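Using my numbering, read the sequence shown as starting at 6 and increasing by one per residue. Below you'll find the structure, written out as structure tokens, and then a few comments.
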Amino acid sequence: MKLLKNILSNNRNRKILIMPVGLSGSGKTTLYKELSKEFDIQLISFDRLRIDIFRKETGKTDYREAYRYISQKKIKLLPTAKDIFKRTTKNIIYIDNTNLKKKSRNKFLRIADGFLKIAVFFEPDIKECIKRQLITGRDKTVPPSIILQQNENLEPPDFDEFDIIIKKRLKNGKNSSDNWNFKRIR
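Structure representation (structure tokens):
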């Protein structure tokens with residue numbers, strides 16, 4: 006995290022896109038919460054969009070119900086997310102989603118012309134991600150079968166997509182960035 010904070014501090018006048026890539030429960034939202042204590046970041050969270058739409062239409066906030074509702078009604082979240090992306094005046098945008106596949110990441114990367122594009126790759130630790138889902142009081146829980154499916158669908162980020170890739174590994178149940186790489190920055 007220190008590395009990412011240094012990158013953000015040293016590029017305050019640039020537009021920056023941070024895209025975490027990882028399984029549910031890997032620490033993507035936690036990373037955003039930590040970064041937002043020091044930086045003014047536009048959060049684009051698909052989980053939050055689901056809940057907001059569901060709450061407006063039903064008055065309820067249960068995540069599983071919201072997910073089911075959005076799926077059944079075939080409500081598209083991407084246009085809303087892209088609209089937030091295009092309208093924000095903040096220099097840092099954080100796309101809080103699993104971002105597992107190149108195709109889904111590309112939907113934002115294509116509209117991020119001129120941005121410093123940073124991937125934070127949460128290397129899979131399936132057991133830990135499942136364990137985290139069992140913690141009571143979580144905003145949302147994802148069944149183990151879905152986490153296993155996410156792991157099968159995971160396409161690690163590469164330098165055709167991003168300027169900087171930071172890999173985070175779990176050590177003793179906590180994330181640590183102990184491996185990073187970058188290509189020449191424009």
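Built from N, CA and C at the ideal position, the CB exists for glycine as well. The model shown is predicted, which means the values in this text are computed figures rather than measured ones.
- Going by beta carbons, alanine 86 and isoleucine 49 fall inside the 7 Å limit.
- Annotation for serine 50: the continuous beta strand (DSSP E) segment containing it runs 46-50.
- Bridge pairing for arginine 110: absent [DSSP].
- One alpha carbon belongs to phenylalanine 113, the other to isoleucine 140, and they sit about 31 Å apart.
- Bridge pairing for alanine 124: Met24, Ile170 [DSSP].
- Listed as beta-bridge partners of tyrosine 99 by DSSP are Ile23, Leu48.
- Taking 7 Å as the cut-off, the beta carbon of phenylalanine 120 is found closer than this to the beta carbon of leucine 22.
- In the three-state scheme derived from DSSP, where H, G and I count as helix and E and B as strand, leucine 13 is classed as helix.
- The beta-carbon separation of isoleucine 80 and isoleucine 58, rounded to 6 Å, stays under the 8 Å limit for a contact.
- Burial state of serine 29 is buried, judged by a 10 Å Cβ sphere holding 16 or more other Cβ atoms.
- Sequence-distant Cβ neighbours of isoleucine 123 in its own chain, meaning closer than 6 Å and more than five residues away, are Ile23, Ile169.
- Our two residues, aspartate 67 and glutamine 77, have alpha carbons roughly 15 Å apart in a direct line.
- If you draw a straight line from the Cα of glutamine 155 to the Cα of leucine 105, it is about 7 Å long.
- Pairing isoleucine 98 with leucine 54, the inter-Cα distance amounts to about 15 Å.
- Remark: C-beta atoms of threonine 34 and aspartate 118 do not approach each other more closely than 7 Å.
- In terms of CA proximity to serine 150, Gln138 leads the group Gln138, Arg174, Glu160.
- Every unbroken stretch of the beta strand (DSSP E) spanning 3 or more residues and falling wholly within the segment 37-89 is given here in chain order: 46-50.
- Of the other Cβ atoms in all chains shown, 16 or more fall within 10 Å of the Cβ of lysine 173; this residue is therefore buried.
- In the three-state scheme derived from DSSP, where H, G and I count as helix and E and B as strand, asparagine 104 is classed as coil.
- In the DSSP assignment, leucine 139 falls outside any alpha helix (DSSP H) and carries neither an H nor an E.
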